[in-house]
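Per this note's numbering, the very first residue in the sequence shown carries number 661; after that it's consecutive. Glycine included, each C-beta is placed from N, C-alpha and C at the ideal position. These notes concern the structure reproduced below.
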Amino acid sequence: MNINNFIAAPGNAYIIAEIGNNHNGSFELAKDMIDKAILAGANCVKFQMRTLDEVYRKQSSKTSGEDLGTEYVVDLLKRFELSKEEHKDLFDYCNQKKITYLCTPWDSVSLLFLEELGVSAYKVASADLTNIPLIELLIETGKPLILSTGMSTTEEIKFTASLLNESNAEYTFLHCNSTYPAPLEDINLSWIKELKKIHFNVGYSGHERGISVTLAAVAMGISIIERHFTLDRNMEGPDHAASLEFDEFSRLVKGVREVESALGSVSDERPLSQGEMINRENLAKSLMSSRPLKAGITITSEDIIIKSPGQGLSPQHYNNLIGKILARDMDTEDFFYQSDISSEKFLPRKYKFSRKWGIPVRFHDFVRYFQMSKPDLIEFHLSYQDMLLDPAEFLERDYGCGFVVHAPELFENSELLDLASPDPDYRKRSIKNMQRVIDLTLKLKKYFPSTDTPMIVTNIGGFSMDKNFTNAEVKSGYKIFCQSLDELNTDGVELIPQTMAPYPWHFGGQRFQNLFVHPDEIIHWCKQLNLRMCFDISHSMLTSNNFGYCFYDFCEQIAPHTAHLHIGDAKGLNGEGLQIGDGSIDFNKVGKILKSLAPSATFIPEIWQGHKNDGEGFWKALDLLDNVL
């Protein structure tokens, strides 16, 4: 359901702060409640409007007066109603504050006034679910309708649903128990499943104490949440006791978004998170050779052992491996791979790219990969242990290609590089480690003299453990990074920060990333500091998915500031470094943007565990990107 450009759906619930009459007739209190609802994270504030003479019969004390309950309610409504002019001012105030104003019309006169205001959707109270003339008037507005089902029987709900369906109305039913507060044993969340059989779009209107039940409803896939909101539960009025105060409403909104994040998406395949893949690589087991094996043998059980880490063929394929003809020589405890049980095998070949390409390597495997593929450039992915090595142990001549260096993220003592750290001592250590990377890069130039100014890809830091930086902390982080740049001697190299995903996996777990994530900030600081970027395609797709950016607009913005590219696919919020075609990126579209706006940027395929089985993941990616980049 589209409510004022918010698409309410399971996993993206529309949260209504139902002020109703909890303003107790005070215009100033109503404005204060709007401000507090915004601060709590509500998508909408909702009021109620009645023309009392239209809603309640005129009482006759001489014949049949109303019971005490009705008398009490009518008395409160008379005292707590806001005027039409006050509703108009609140509508304007909501527009000014950029929060949606909704209102429940209890009668046709109120509806006419709300239509003149331009209200974007209408709520139908439980008491009016059977009020067919009013519902027909609401249908005629063409606005989305939200209907509470409290007090109603199954047949009554089905009758109203038929009327709405016949009129092609856009609507949502709210599961609801219309008692204030509602006893837990009467709420019957399980009936949400039955309500979805009547109409697919279902929300929840809660009158219970606390937030647990509402969070449970979110886990059941509701699209709209309505909870009564008050600033003081002890105030006079029938709804305050069943309302949430500011702190509780804030916790509800936070809890809803956490539950929605945890729900994920429905899929036939169980997705593996980045963290799970990391742990699988480290902790799971693989099929390995028990002894040296020669190509051409028939593999038997005596040739196979099962050991950690989980970087090779899963033990689940044990029986599939037995009886296969081995196509390569293997040493003791070499991994078996998928290619050992299938005919598909990717090897390097000549590619048709419009730009220079390379592959990621370590010192120890550089020569092997270089000889296999003859790339235009090499990107050395350094670990902190590599920093202790002498490159001359692995390199011996001019290799006739270019090179890039990827700085380690982790250094000694399990310390992540952070050039934006507010901790002065931590930042000094990071500067020292970054200078070591620069010095090592300059040493490598003798083996790759065609590269005048080698690029150093780095994650500059700016991460946090438990929550994102505030806006003030983000600004401070960039200023600290600027200070660190001034203190580094970067003569002879070009430092290129990489675009980052919002929740990257570093050693030791997942963190919040705060710098070089959003395109507007990236562009600003590129201009401010005369920086170029390593545009990490996979990272930036995850950023776009997380924040609702158009990824291809993101590409168009960052491409002119791009020196180098890391190419990998991505999916969802956490699917990083996937093989080309395994994610959701249209690389033909990306390729056209990059050819136009970043024609000279170099690239490497950065595929999770792409180096396994002699770089098979890299060759497959390059195959799939042939003629695209």
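Taking 8 Å as the cut-off, the Cβ atoms of F1141 and I1120 count as close. Secondary structure at L973: coil, using DSSP grouped into helix, strand and coil. In the DSSP assignment, L805 falls within the beta strand (DSSP E) that extends over L805 to S808. Collapsing the DSSP output to three states places V784 in a strand. E886 is bridged by DSSP to I676 and S865. Secondary structure at G1251: helix, using DSSP grouped into helix, strand and coil. DSSP places M693 inside the alpha helix (DSSP H), whose first and last residues are F687 to A700. Looking at P1162, A1230, P1157 and G802, the one whose alpha-carbon comes closest to that of C1194 is P1157. If you check the CB distance, L1079 and I1098 do not come in under 8 Å. Fully contained in the segment 1238 to 1286 are the following alpha helix (DSSP H) runs of length 4 or more, in chain order: 1247 to 1257 and 1272 to 1285. L762 places its beta carbon less than 8 Å from that of A781.
If one requires a minimum length of 3 residues, the beta strand (DSSP E) runs lying completely within the segment 978 to 1047 are 1018 to 1021 and 1037 to 1041, in chain order. Judged by DSSP secondary structure, M1201 falls outside any beta strand (DSSP E) and instead within the alpha helix (DSSP H) spanning I1197 to F1207. Distance from the CA atom of L1049 to the CA atom of R1022, rounded to whole angstroms, is 11 Å.
Rounded to the nearest whole angstrom, the C-alpha separation of D907 and P1220 is 45 Å.
Counting the other Cβ atoms within 10 Å of the Cβ of S883 gives 16 or more, which makes it buried. Judged by beta-carbon spacing, D1196 lies within the 8 Å limit of T1159, meaning their Cβ atoms are closer than that value.
In the three-state scheme derived from DSSP, where H, G and I count as helix and E and B as strand, I799 is classed as helix. If you compare the alpha carbons of A677, F707 and T790 with that of S770, the shortest gap goes to F707. In the DSSP assignment, Y1163 is bridged to no other residue.
Per the DSSP secondary-structure output, I965 pairs in a beta bridge with M948. By the C-beta density criterion, L1100 is buried, having at least 16 other C-beta atoms within 10 angstroms. With respect to L807, Y840 sits apart: the two C-beta atoms are not nearer than 8 Å. In the three-state reduction of the DSSP assignment, T1130 falls in the coil class. P1051 sits in a helix when the DSSP states are folded into three classes.
Contact check for H977 against L943 fails: the beta carbons are separated by 8 Å or more. DSSP, read as helix, strand or coil, puts I663 in strand. Per DSSP, reduced to three states, the secondary structure at F1063 is strand. Where Y761 is concerned, the enclosing beta strand (DSSP E) starts and stops at T760 to P765. Distances from the CA of D1036 to each of L973, P1265, T711 and F909 were compared; the closest alpha carbon is that of P1265. Just measuring C-alpha positions, the residue of D1151, I1218 and K1010 sitting nearest K1103 is D1151.
Contact between the segment 950 to 958 and the segment 915 to 924 is absent, with fewer than three C-beta pairs closer than 8 Å. In this structure, the beta-carbon distance from G863 to I885 falls below 8 Å. Of all alpha-carbon atoms in F1054, L1042, D1083 and P1084, the one lying nearest the alpha-carbon of F1071 is that of L1042.
L824: member of the alpha helix (DSSP H) spanning T814 to E826, first to last residue.
For G1243 against D1229, the beta-carbon gap comes to about 3 Å, under 8 Å, which counts as contact.
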